[in-house]
Structure formats: structure tokens, C-alpha cells
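In the numbering used here, the protein residues as written are 299 to 918.
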């Protein structure tokens, strides 16, 4: 039987998964009388690197000529690259230049632009001398009209220098900041800035080595700001010990590679201003001596084609992204067998995060994998936060998605009864000790046993076997009660609703606190709205009406399969304006703040529950 003839998901007996390069979980679970559960892996954690700069130097000594970072020239041009040995030399020169400009523990480096070779070198150069690097979301500089979040971050940090890739996209943002005494550095030396590579030519003195000698596990290597899903972004210190412990905890579950000579290859776009891209992926690649390709594609219309082009040439052993990228990738591979062959040629597993993967998309990916390789591809996920690094991971084969896994070795996870939910809390070497200069926030962030409160809920996949893993169960703070007293789990209902309406709906705001039924405000998916607009001859009102009719039909079917009012949508409205970053409705990671969105759109919420229903309100 050829691969193309292998049974697809749902058609009977399925082929096996590709083997995962991870150990099976070995978990100790303890339960208190009040129902609190504690999870801890029995797998031991190995040695922990002293710091990220020390780790770079170790890799440079072992593989001085091996390529570390690759990035395309603009316009999908040829690859430019830097080796591990070159990176060590360049970051030492940059470190001396930063010392000369007064950077240090209390005068960090702020980075406004996205992932790049120079961004990485600047960050490691600062960390060499104990000056924290702080990459902030690019959206704060390029997608904001008032730069309020950028000014907030600047005032919290008081940086000694700011790095950008090139000046023009950031000039307005920089004009909004009090820059007296702050060095402005750009990769290309554009007007109004110092050239990065001029700094890198600085001859390092013994002061660079002395500064690095004093680095310890308590030294702050980075500040990463929270996404602002519950207010203004908060600066979470990333100590060298926390960042290197994350690497060690992950390495503890890794098996010896089947081919020790094979060099790991990464292709990754995830922003370095967040934990997943900047710590888990970037540091993980560095620790493994990988070749890291900086992907300038994005899972967005018109941008994902760059990722597709890169995948023809770069064949990574694993591919990680948000579920929206998986949907775009599946669509592209379904239409292009050559891309499918290239993508699966060396792939061992796929990793998703940031949102729930739908069963339909999971089946499509497995059908593609089976058709190309004769095997299913494992889909894994990691769960964590800016304050904790990665906490849990699914590192075993699962027939379905939706789990958050079990805690990594070295960490203790606690499920604490909170109302009708079990709140996730964690303690361990990867967890921060507190936000920068926010004592009142720190007092609320940890419980009486010193566990960090993540604010998320989880439930047992199998109540009889806690070691079987945990399933995400929404945000503790987002859930609400209907007037009947029935709880609505927003974090569970929202993705299920969006999946039921796919591909028409991009996201949803779930409403109905103290109301008799659930209401929803829906943002139409851009591609679906564009198609509806074209079909309506450019009449936006007619397009929204057509989408409303189709969504009503979908939700009628969805409601019929649900058990009660807390899982059924009584009314909905299709929103005509996108979520506002400045208003705090959405974070730069795409997370919708349910409460802020309802406050910002109080008129629409009132229309949902008025009698009779307001204009634009649909009843499934």
C-alpha cells in the first residue's frame, strides 16, 4: 500500500506515531484533605549552565565554525549568517561598548524591534556585563497611536540604551520617549543612531571578563513584560538561573538522539519579547548547538507565504507555532505535494501553543502526515507564563489535543480548589521571585506556600489517574455565573464556539454575567469577511448580514449538541471594528481581554440582552 492509500484519521485502524525523542512521564502525585493536588516528576534534572552567555561560549568552543543564526536579506534575499565563534567575538566587543556607555545592572538595554541576528548579539552582549536586555513587543512601537504601553515600559526600565534594527519604523515611537542620556543603536547605522557593528568592533578589555565572572544564577539576564491581558504590562525579571533551569528541566526528559552527529535545525518566527520564542525556543536551540533560522514570516494573510518559501529550503526536525499557522500550513500542503514532502522530510513532531487546536485541524494534519510518511506525527504542547518559563509539557503521544500535560522535572505544580475550579500554581527554579518594583502586585502573585498563581484552571484528564495529565479548564478570573447560578467556563466555551463557526469567526467575547443566557460578540475572520464583502458587491452591511445568517445556522447546530444553558449561545452580534490594542481589548500575542472588551463595547453588550434585542443582534 502506498502512503497516499494509508487510512486517514477516522477511517479505521490508524498507523503508529513517529517516535518522540522524549522520556515517558514518571509522576508523583500527592493529595491533601482539602482536595489540593501536588504534582512532581521523579525524573532527575541534570547540570544547569551558569548563564546564557556562558552557554554561548561553551558552544563557541565546541563548534566555533558552526552556523548559529541565519536570516534572509530583505525581500526574501539570500541567507546571511553568524557562527557560534563569530557570535562570541562580536558579543564581547558589544559588551565593552555597552560598558563604555554606562550600561549595567540598573541601566538595561531596551530592544524595540523584532527578531534579528543583531538583536540576538546585542542581547547577549548586554547580558555578558550583567546589563539586562529587555525586548518589548514591536506592536507597542509600530501599531499604537498613543505609545502608552511603550512609555510605561520605558519608565519601568529606565534603560541606558535602545536598540532598533533600523530607525524609520521607530522614529515616532522614539520621539514619545524622554531619551536624554540614552544611546540609540541600530543595526544599519541609520541617521540618528550609532551603528551596531561599529560598537562590535570595540576591543574588549579585562572589564568584560570581570563582569562576566560575577554573573550568578541570581543575575537578571532579561526583563520580559507580561502581555498586558490584565492591565498594563508588568516587568518580570528573567534571572540567569531561571533561564538556564528552563533548559535543564526540558533536557531532563530528552532521550539521546538517534543520530548524535545530526545538527538540530530550527525555523522559528515566535517573537523574542515573549517566553516561548525568546526563552524556550531561542535558548533551547542555543543549548543544543542548533542552526537557528530566523523566520520573518507570520501566520497572517500575506505574510505566511514567507514561511512557506522557507520551508521549501529549511527542513526542521520540529515545527512550532500557534494553531492559526497550522491551519495555513495544512491548506498550503493540501494544495502542494512538493511542500508536503519537504515539510515532513525530517520532521519528528509539531508543537503548538497560545490557543486550542481544533479536532478538525488535527485530523487534517494527521492525514497529510500519513499520506507523506505512512505515520502519524505527534503534536505536543507546552504551557507556561512570563513569570514561570515553561511549566508543563505534553511529551508523549496523544490521540487528541487539548491537554497541557504534566510538570517538567524540577518543578512542583499545585492544583488548588478555587470556587468551582482548580487553579494552577507552580514553584521551582524557573519561577520569578517577583515583578520589578511592584510590591503590591507581588503580594498577590504568590500563595501562602510560595506557589505562583497563574490564574488558569486545569482539570484531570482521568480523575482516577492524576498522572494521565491535565486539561486546560479556562481562566479562573474570566468565569461567571448566569442568573440561574450556573457557572460559564469562558476559556472552554470560547474556543469551542470559534471552532464551531470556523472559518467564519476569528475570536469571541463571551458575555452574560447575572443574565439568563450566554451572549457573544464575534469578530469575523478577515478572509471570510473579505469573501462576504466581495459577494455582496462591496456592501459592508449586506456582508455582515450574510455572515450573521450563516453563523446563526452554525450556532443553532452547536447549541443542539450542548448539555445546558452555560454551553449554549442565546444571542450574538457580529462586530464591525477590530479589537483595539490601545484600549487593551487585545494583547500583542492576540489574547482578547474579555472584561476590557465588554467594558469598551458596553453598548453592544447592552444590545445583546435588551428586550427586544438591539440592532444587529442575532438569535441562533
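Built from N, CA and C at the ideal position, the CB exists for glycine as well.
Given this structure, state the Cα-to-Cα distance separating residue i from residue j, to the nearest angstrom.
i	j	result
residue 456	residue 482	13 angstroms
residue 778	residue 855	24 angstroms
residue 769	residue 760	10 angstroms
residue 503	residue 673	55 angstroms
residue 366	residue 585	11 angstroms
residue 404	residue 891	32 angstroms
residue 316	residue 394	47 angstroms
residue 563	residue 730	30 angstroms
residue 916	residue 441	32 angstroms
residue 711	residue 661	31 angstroms
residue 474	residue 445	7 angstroms
residue 867	residue 356	56 angstroms
residue 459	residue 510	19 angstroms
residue 834	residue 841	6 angstroms
residue 494	residue 450	26 angstroms
residue 849	residue 597	24 angstroms
residue 688	residue 728	8 angstroms
residue 384	residue 600	34 angstroms
residue 330	residue 318	34 angstroms
residue 291	residue 343	Residue coverage of the chain in this structure runs from 299 to 918, which leaves residue 291 outside it and unanswerable.
residue 391	residue 320	38 angstroms
residue 326	residue 758	14 angstroms
residue 766	residue 553	20 angstroms
residue 726	residue 583	22 angstroms
residue 421	residue 454	18 angstroms
For residue i, decide whether its Cβ has a neighbour in chain C, counting only Cβ atoms nearer than 8 angstroms.
i	result
residue 598	Annotation note: the requested chain C is absent from the structure, which comprises a single protein chain.
Residue i bridges to which residues according to DSSP?
i	result
residue 326	338
residue 819	807, 871
residue 267	Outside the shown range of the chain, which is 299 to 918, sits residue 267, and nothing can be said about it.
residue 378	369
residue 754	773
residue 493	484
residue 461	409, 483
residue 884	890
residue 428	According to DSSP, residue 428 bridges with nothing at all.
residue 703	768
residue 710	338, 725
residue 674	315
residue 402	405
residue 648	617, 677
Spatial neighbours of residue i within its chain, please: CB distance less than 7 angstroms, with the 5 preceding and 5 following residues excluded, ordered by chain position.
i	result
residue 670	301, 638, 639, 642
residue 333	715
residue 740	732, 733
residue 322	694
residue 361	382, 587
residue 515	537, 538, 539
residue 465	484, 488, 489, 490, 491
When we look at the beta-carbon of residue i and count the other beta-carbons within 10 Å, is it buried (16 or more) or exposed?
i	result
residue 666	buried
residue 386	buried
residue 847	exposed
residue 921	Given that the chain is displayed from residue 299 to residue 918, the structure contains no residue 921 and the question cannot be resolved.
residue 579	buried
residue 512	exposed
residue 463	buried
residue 876	exposed
residue 735	exposed
residue 608	buried
residue 406	buried
residue 572	buried
residue 793	buried
residue 470	exposed
Excluding the five sequence neighbours on either side, which residues of its own chain have a C-beta within less than 6 angstroms of the C-beta of residue i, listed in chain order?
i	result
residue 388	419, 498
residue 345	none
residue 852	798, 799
residue 650	621, 679
residue 602	595, 626
residue 415	367, 369, 380
residue 438	447, 448
residue 655	621, 699
residue 500	391, 394, 395
Within a Cβ cutoff of 8 angstroms, which residues of the same chain sit near residue i, ignoring the five residues on either side of it in sequence?
i	result
residue 845	802, 822, 826, 827, 830, 872
residue 648	616, 617, 618, 624, 663, 675, 676, 677, 678
residue 631	637, 638, 641, 666
**Asked** Are at least three pairs of beta-carbons, each pair with one atom in the region 329-339 and one in the region 703-723, less than 8 angstroms apart?
**Response** The answer is yes - the region 703-723 touches the region 329-339, with three or more Cβ pairs under 8 angstroms.
**Message:** With three or more C-beta pairs closer than 8 angstroms as the rule, is the region 505-525 touching the region 428-435?
**Reply:** Segments in contact, yes.
**Touching by the beta-carbon criterion (3+ pairs, under 8 angstroms), the region 859-874 and the region 784-798** = Yes, since at least three Cβ pairs between the region 859-874 and the region 784-798 fall closer than 8 angstroms, the two stretches touch.
**Prompt:** Is the region 870-890 in contact with the region 898-905, if contact means three or more CB pairs nearer than 8 angstroms?
**Reply:** Remark: three or more beta-carbon pairs, one from each stretch, lie closer than 8 angstroms, so the region 870-890 and the region 898-905 are flagged as touching.
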